[in-house]
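First the structure, in the form of structure tokens, and then the observations on it.
Number of protein chains: 2
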Amino acid sequence: MLYGVIELLKRNQLSVTDSRKKILEMFMRSGGALAHADIEHKSGTEFDRVTIYRTLQTFVEKGIIHTIPTADNSVRYALCKDECSEGHHHDDHVHFMCDDCGTTYCLDHVTVPEVKLPLGFHALQTDVVISGRCMKCV
Amino acid sequence: MLYGVIELLKRNQLSVTDSRKKILEMFMRSGGALAHADIEHKSGTEFDRVTIYRTLQTFVEKGIIHTIPTADNSVRYALCKDECSEGHHHDDHVHFMCDDCGTTYCLDHVTVPEVKLPLGFHALQTDVVISGRCMKCV
DNA sequence: ACAACAATGCAACTATGTTGCAAAATTATT
DNA sequence: AATAATTTTGCAACATAGTTGCATTGTTGT
């Protein structure tokens, strides 16, 4: 597991540091999405707030994680699938947010439907965020 | 126009105040969506920041405006259609954000497609946000 | 092992959002 | 139309989120 993390960092031409390793591991352990605040709390005083911000930024730029637009407009991040590369995100999957427990899921196998836009609009990216109850909170 | 604003406030059992009238008018004049910052800049020092926050909150609660989940996770608001009532938003339309000029459109006639979720997930609300180029920015 | 480079931590700052309370404005009552 | 009851506003103070510059530390390549 740890080895995979290091590999992933190297593959993206990133130097291997404590914060990057541990933050990546957090994402892998937590199946779902994480907010900046989640990471800050989980890591205690181990890293500076600024380091977390910069690490997340770097990961987004490298295509390791992607941001999730949420209904409550709080920023969340989740691991990308392998197809994402630098500057080219291909997160064509639906995101689900549980109103009860707050967990955010990437529904990798639910693809975003085609939407017909009025004349003059050109779509580059489509984000679908569904909120409701997850299986744990029935 | 002004008369319509007052009517709308009264219909929602809100006292008619300067800030509420002017903020509502801003939404009506601007076809698209507005962020808190937009309103703050447009109104100069006329209203306190806190008043704007509280006015927007009140309008959302009453179903006069709705929030738009955006790809960049900044909070934006737009007028609701007539069907929205207190606590019951029915904004089943697609939102479009222009990457170039930043304008956010409510595509009232583009309805949100049905999405089949995996077993155990129960959808209550579906938000679709499409970003790209609008007709003004080809 | 060392030079070159990149990432971190710290401090200071800006932006964003919230809460309590007194003053001012709006609404309801007589 | 004037006043009482209620709401809303503005202010101050605070809390959270996010950014930038720079010296120090850690990582990488030779």
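Chains as they are written, first to last, in my numbering: chain A, 2 to 139; chain B, 2 to 139.
Note that beta-carbon positions come from the ideal geometry of N, C-alpha and C, so glycine has one too.
Buried or exposed (CB count within 10 angstroms, at least 16 for buried), residue i
| i | result |
| --- | --- |
| ARG30 (chain B) | exposed |
| GLY5 (chain A) | exposed |
| LEU57 (chain A) | buried |
| LEU125 (chain A) | exposed |
| THR127 (chain A) | buried |
| ALA34 (chain A) | buried |
| CYS102 (chain B) | exposed |
| THR105 (chain A) | buried |
| VAL139 (chain B) | exposed |
| PRO140 (chain B) | The structure shown does not extend to residue 140 (chain B), since chain B is modelled only from 2 to 139, so the question has no answer here. |
| MET2 (chain A) | Residue confidence is low: MET2 (chain A) scores 49 on pLDDT, short of 50, so the model does not pin down where it sits. Its coordinate-derived value is still stated next. Flag for MET2 (chain A) reads exposed. |
Contact set for residue i: own chain, Cβ-Cβ below 7 Å, skip 5 residues either direction
| i | result |
| --- | --- |
| ASP93 (chain B) | THR112 and VAL113 |
| ARG21 (chain B) | LEU10, LEU15 and THR56 |
| ARG50 (chain B) | GLU41 |
| PHE48 (chain A) | SER20 |
| VAL95 (chain A) | LEU108, VAL111, VAL113, VAL129 and ILE131 |
| GLY32 (chain A) | none |
| LYS82 (chain B) | ASP109 |
Same chain, Cβ closer than 8 Å to residue i, five either side skipped, listed in chain order
| i | result |
| --- | --- |
| ASN74 (chain A) | none |
| PHE28 (chain B) | LEU35, ILE66, TYR78, ALA79 and LEU80 |
Rounded separation between residue i and residue j - CA only
| i | j | result |
| --- | --- | --- |
| ASN13 (chain B) | LYS63 (chain B) | 7 Å |
| ILE65 (chain A) | ALA79 (chain A) | 9 Å |
| LYS117 (chain B) | VAL129 (chain B) | 15 Å |
| HIS110 (chain B) | LEU25 (chain B) | 23 Å |
| VAL76 (chain A) | TYR54 (chain A) | 12 Å |
| VAL61 (chain A) | THR59 (chain B) | 35 Å |
| THR46 (chain B) | THR52 (chain B) | 11 Å |
| SER44 (chain B) | LEU108 (chain A) | 42 Å |
| PRO70 (chain A) | ILE69 (chain B) | 10 Å |
| LYS23 (chain B) | ASP100 (chain A) | 34 Å |
| GLU115 (chain B) | GLU115 (chain A) | 11 Å |
Residues near residue i in its chain [Cβ-Cβ closer than 6 Å; skip 5 each side]
| i | result |
| --- | --- |
| ILE7 (chain A) | VAL17 |
Presumed contact (8 Å Cβ cut-off) between residue i and residue j, rounded CB distance
| i | j | result |
| --- | --- | --- |
| MET98 (chain A) | GLY121 (chain B) | MET98 (chain A) to GLY121 (chain B), Cβ: 14 Å. No contact. |
| HIS123 (chain B) | ARG134 (chain A) | 5 Å |
| ALA72 (chain B) | SER132 (chain B) | 5 Å |
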